[in-house]
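Engineer:
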Amino acid sequence: MTSNRTPSTSRDKLPRAAKREWYSLARRVMFALAVVLMVAFGQLPVERPALGSRDGPAIADARSWGYQLQNVGLQSIADGTDLLVVDYSRDGSEARVFGADEIERLRTRTDGSKRIVLAYLSIGEAESYRYYWQKRWTTGQPSWLGPENTEWRGNFNVRYWQAGWREIIMRPQVSLLGRMIEAARPSARPYLDRIIEAGFDGVYLDRVDGFEEWKRENPNAQTDMTTFVGAISSYAKRRRPGFLVVAQNGEELLASADYRRNLDAVAKEDLIFGIGGNGKPNDADSIKSSVVELNRMKADGRPVFVVEYVSDTTKRAEVMRQLARTGFIVHFAERDLRQTPEQ
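Quick note: the sequence shown uses our numbering, first residue 1, plus one each step.
This is the structure in structure tokens:
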């Protein structure tokens with residue numbers, strides 16, 4: 001009897017081979033798709049994680065302050081200093097940044113009580129000794145980099161309204177790929193986030209008066225600085241609730257209620273002496289106009305800190321006489337800010 005079944009031939013093997021090829025192709029396609037999706041999602045920006053709320057004294061309770069950017073000694077700060085402004089690094093370099101334990105030591109007085117420690121941050125100038133500086137940079141390259149400050153070598157005015165500079169200061173959203181880049185290349189990590197994550201109580205913004213340098217080029221220079229400070233404050237307080245933001249100089253900006261709301265305090269250099277040169281008295285009109293603007297912060301219930309760079313006892317007495325009724329908190333320092341704050 002003849003069987004109707006056809007003997008096994010290559011016709012039975014071809015479908016199995018085809019299936020194996022199809023499965024192999026499918027796996028390759030799925031792998032490629034997974035890679036594409038990982039890259040795509042890896043480039044999607046997400047908010048940086050929020051950190052715990054700041055703890056410590058209220059800035060409104062400060063009655064004295066110190067300002068030292070060089071030669072900071074962990075054990076040399078006077079116990080009577082309620083608020084201290086230091087650089088986030090001993091010499092500006094990445095190698096000598098203050099660690100969290102060192103910042104905590106700066107915050108702690110000998111009796112165990114706490115003081116406020118703020119990190120200095122220039123937002124109106126780029127500094128060639130900072131971690132982010134690249135040797136190839138020159139005026140106009142990148143586009144946000146302006147001319148060098150003739151009075152402070154190594155400091156360069158910046159077009160702070162441009163994205164390139166703003167991203168050096170802060171980048172609220174970062175992708176997974178961006179995180180990997182920051183981990184591999186520390187210079188890519190934003191300045192403000194370094195300060196927040198290090199454990200400082202807040203930030204002390206310098207060169208907010210940089211808008212004066214750009215009024216001819218940018219008619220909106222003053223408004224753009226107000227907006228920039230607002231963005232810094234909003235982001236920093238969102239990431240670490242209670243984080244303090246203090247702005248130095250540029251008191252003309254205080255006419256804006258929105259600007260004042262973004263600050264916890266304001267500071268002023270050379271209010272009575274120094275505009276025309278070290279130790280030279282300022283004219284009465286200049287002093288009066290600055291006091292009027294600074295008083296806006298006082299009216300809002302927020303402190304005003306003043307630093308005068310005079311060592312002569314007679315001039316110091318004159319500062320205290322003129323500011324006796326203002327309630328401003330005065331600190332005397334050397335202009336290079338090398339000396340330990342006095343009691």
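Beta carbons are placed, not taken as given, at the ideal position from N, Cα and C, and that holds for glycine.
Quick one, which of Pro45, Pro49, Ala58 and Leu51 has its alpha-carbon nearest Pro303's?
Structural biologist: Among Pro45, Pro49, Ala58 and Leu51, the Cα nearest to that of Pro303 is on Ala58.
Engineer: In this structure, does DSSP put Thr329 in helix, strand or coil?
Structural biologist: According to the sequence displayed, residue 329 carries Ile and not Thr. In this structure, Ile329 counts as strand in the three-state DSSP scheme.
Engineer: From Pro186 to Gly92, what does the alpha carbon distance come to, in whole angstroms?
Structural biologist: If I take the Cα positions, the gap works out to 14 Å.
Engineer: Report the residue ranges of all alpha helix (DSSP H) runs contained in full by the stretch 94-154; include only those spanning at least 4 residues, in chain order.
Structural biologist: If we require 4 residues or more, the alpha helix (DSSP H) runs fully inside the stretch 94-154 come out as 100-107.
Engineer: Mark Met170 as exposed unless 16 or more other C-beta atoms lie within 10 angstroms of its C-beta, in which case mark it buried.
Structural biologist: Flag for Met170 reads buried.
Engineer: Name the residue from Tyr160, Val208, Gly199 and Arg216 whose alpha carbon lies nearest to the alpha carbon of Ile103.
Structural biologist: When only C-alpha atoms are compared, the closest one is Gly199.
Engineer: Between Leu121 and the rest of its own chain, which residues show a CB-CB distance below 8 Å, the 5 nearest in sequence each way excluded?
Structural biologist: Only Tyr88, Ile169, Tyr191, Leu192, Ile195, Val203, Tyr204, Leu205 and Asp206 meet the Cβ criterion.
Engineer: Am I right that Leu351 and Val306 are in contact with their C-beta atoms under 8 Å? What's the rounded C-beta distance?
Structural biologist: This structure cannot speak to residue 351, because the chain is shown only from 1 to 343.
Engineer: Helix, strand or coil for Asn249 per DSSP?
Structural biologist: Here Asn249 sits in coil by DSSP.
Engineer: Work out the CA separation of Ser53 and Ala284 for me, nearest whole Å.
Structural biologist: Answer to the nearest angstrom: the Cα atoms are 43 Å apart.
Engineer: Can you find the residues in the same chain that come closer than 6 Å, C-beta to C-beta, to Thr326, ignoring five residues on each side of it along the sequence?
Structural biologist: Cβ within range, chain order: n/a, list empty.
Engineer: Buried or exposed: Ser373, going by 16 or more other Cβ atoms within 10 Å of its Cβ?
Structural biologist: Given a span of 1 to 343 for the chain in the structure shown, any question on residue 373 remains unanswerable.
Engineer: Got a sec, what are the start and stop residues for the alpha helix (DSSP H) Tyr204 sits in?
Structural biologist: Note, Tyr204: premise wrong, no alpha helix (DSSP H); beta strand (DSSP E) at Gly202 to Asp206.
Engineer: Where does Trp161 sit, in a helix, a strand or coil, going by DSSP?
Structural biologist: Note: Trp161 maps to coil in three-state DSSP.
Engineer: May I ask you to list the residues that DSSP assigns as paired with Leu374?
Structural biologist: The chain is shown from 1 up to 343; residue 374 falls before or after that span and cannot be answered.
Engineer: Whole-angstrom Cβ separation of Val246 and Val229, contact assumed at under 8 Å?
Structural biologist: Wrong, their Cβ atoms sit about 11 Å apart, outside the cutoff.
Engineer: Name the DSSP beta bridge partners of Ser89, please?
Structural biologist: For Ser89, which the question treats as bridged, DSSP gives the partners Val97.
Engineer: Is the stretch 215-232 touching the stretch 247-260, taking contact as three or more C-beta pairs under 8 Å?
Structural biologist: At 8 Å Cβ cutoff, the stretches touch.
Engineer: Could you check the C-alpha separation between Ala299 and Lys215 for me, to the nearest Å?
Structural biologist: Their backbone Cα atoms lie some 29 Å apart in a straight line.
Engineer: Excluding the five sequence neighbours on either side, which residues of its own chain have a C-beta within less than 7 Å of the C-beta of Leu145, listed in chain order?
Structural biologist: These residues qualify, in order along the chain: Ala126, Trp137, Thr139, Phe156 and Val158.
Engineer: Looking only at its chain, what residues have a beta carbon closer than 8 Å to the beta carbon of Arg296, apart from the 5 residues adjacent to it on each side?
Structural biologist: Result list for Arg296: Leu254, Ala255 and Arg260, in chain order.
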